[in-house]
Amino acid sequence: MLDEWADIYLDDEGNFKASADGDVQLVTGKAAYLQDVKHELETVLGSYPFDETYGTRLIMYLQRENTELSRQELIQDVEEIVQRHSFVVPGSVDVRANSWTLREIEFSVSFSVQTPDGIESAELTVQITVDGVRVVRSE
Numbered sequence: 026m027l028d029e030w031a032d033i034y035l036d037d038e039g040n041f042k043a044s045a046d047g048d049v050q051l052v053t054g055k056a057a058y059l060q061d062v063k064h065e066l067e068t069v070l071g072s073y074p075f076d077e078t079y080g081t082r083l084i085m086y087l088q089r090e091n092t093e094l095s096r097q098e099l100i101q102d103v104e105e106i107v108q109r110h111s112f113v114v115p116g117s118v119d120v121r122a123n124s125w126t127l128r129e130i131e132f133s134v135s136f137s138v139q140t141p142d143g144i145e146s147a148e149l150t151v152q153i154t155v156d157g158v159r160v161v162r163s164e
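Quick note, the sequence shown lines up with residues 26 to 164 if you use our numbering.
What follows is the structure, given as structure tokens:
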């Protein structure tokens with residue numbers, strides 16, 4: 026059985042959020058799992074100071090042609106990134122490229138999360154632009 030997952034709550038810019046008493050706010054459960062996946066997808070590979078293998082190279086897909094090979098490579102990379110999280114149910118990751126231009130790529134990734142209370146579904150919508158990789162919706 027998995028223990029309840031807790032993490033420091035981060036805002037959209039990756040900064041700690043303060044609670045009413047001034048301490049750092051915590052996030053737990055499914056929201057913590059989603060934050061963990063979101064943070065890794067948005068982090069450029071090699072830029073995280075505590076783990077050089079953490080993050081992605083998703084930004085490299087920008088400026089690539091919208092071909093079947095490019096789409097399959099993106100889908101495979103995202104599946105591998107999400108699947109390596111221990112709370113993601115093996116084989117549950119599904120990635121769909123929604124739109125692809127030379128200026129912006131948008132894709133959705135759905136997966137199942139093993140929580141202490143059972144299995145829950147999760148979905149993220151991710152955009153890759155010249156400004157970086159951003160999760161624009163999570164549920």
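Every residue, glycine too, gets a C-beta built ideally from N, C-alpha and C.
Beta-carbon spacing of residue i, residue j below 8 Å
i       : j       : result
Val-138 : Lys-55  : yes
Leu-83  : Ile-144 : no
Lys-63  : Leu-149 : yes
Thr-92  : Tyr-79  : no
Thr-81  : Asp-102 : yes
Phe-132 : Leu-99  : yes
First through last residue of the beta strand (DSSP E) which encompasses residue i
i       : result
Glu-129 : 129-140
Arg-159 : 157-163
Exposed unless 16 or more other CB atoms sit within 10 angstroms - verdict on residue i
i       : result
Leu-27  : For Leu-27, the pLDDT reaches just 47, beneath the cut-off of 50, and the residue's location in the model is therefore unreliable, although a value from the coordinates is still provided. Classification of Leu-27: exposed, given that the 10 Å Cβ count is below 16.
Ala-147 : buried
Gly-157 : exposed
Leu-66  : buried
Ala-57  : buried
Leu-51  : exposed
Ser-161 : As written in the sequence, residue 161 is Val, which differs from the Ser given in the question. Exposed.
Val-134 : buried
Span of the alpha helix (DSSP H), counted from its first residue to its last, around residue i
i       : result
Glu-145 : Unbroken run through Glu-145 is the beta strand (DSSP E), 143-154; no alpha helix (DSSP H).
Arg-109 : First-last for Arg-109: undefined, no H or E at that position.
Residues bridged to residue i [DSSP beta-bridge criterion]
i       : result
Ala-31  : Thr-53
Ala-122 : Phe-132
Phe-41  : Leu-35
Thr-81  : Val-69
Val-103 : Paired residue(s): none; Val-103 is not in a bridge.
Val-113 : Val-138
Residue i at chain C interface by Cβ criterion, 8 Å
i      : result
Leu-59 : You won't find chain C in this structure, because it holds only one protein chain.
> Do the region 36-47 and the region 105-124 meet, that is, are 3 or more Cβ pairs less than 8 Å apart?
Replying inline: no
> Are there three or more Cβ pairs, one per stretch, closer than 8 Å when the region 73-89 is compared with the region 126-145?
Replying inline: yes
> Counting pairs of Cβ atoms below 8 Å between the region 96-115 and the region 70-78, do you hit three or more?
Replying inline: no
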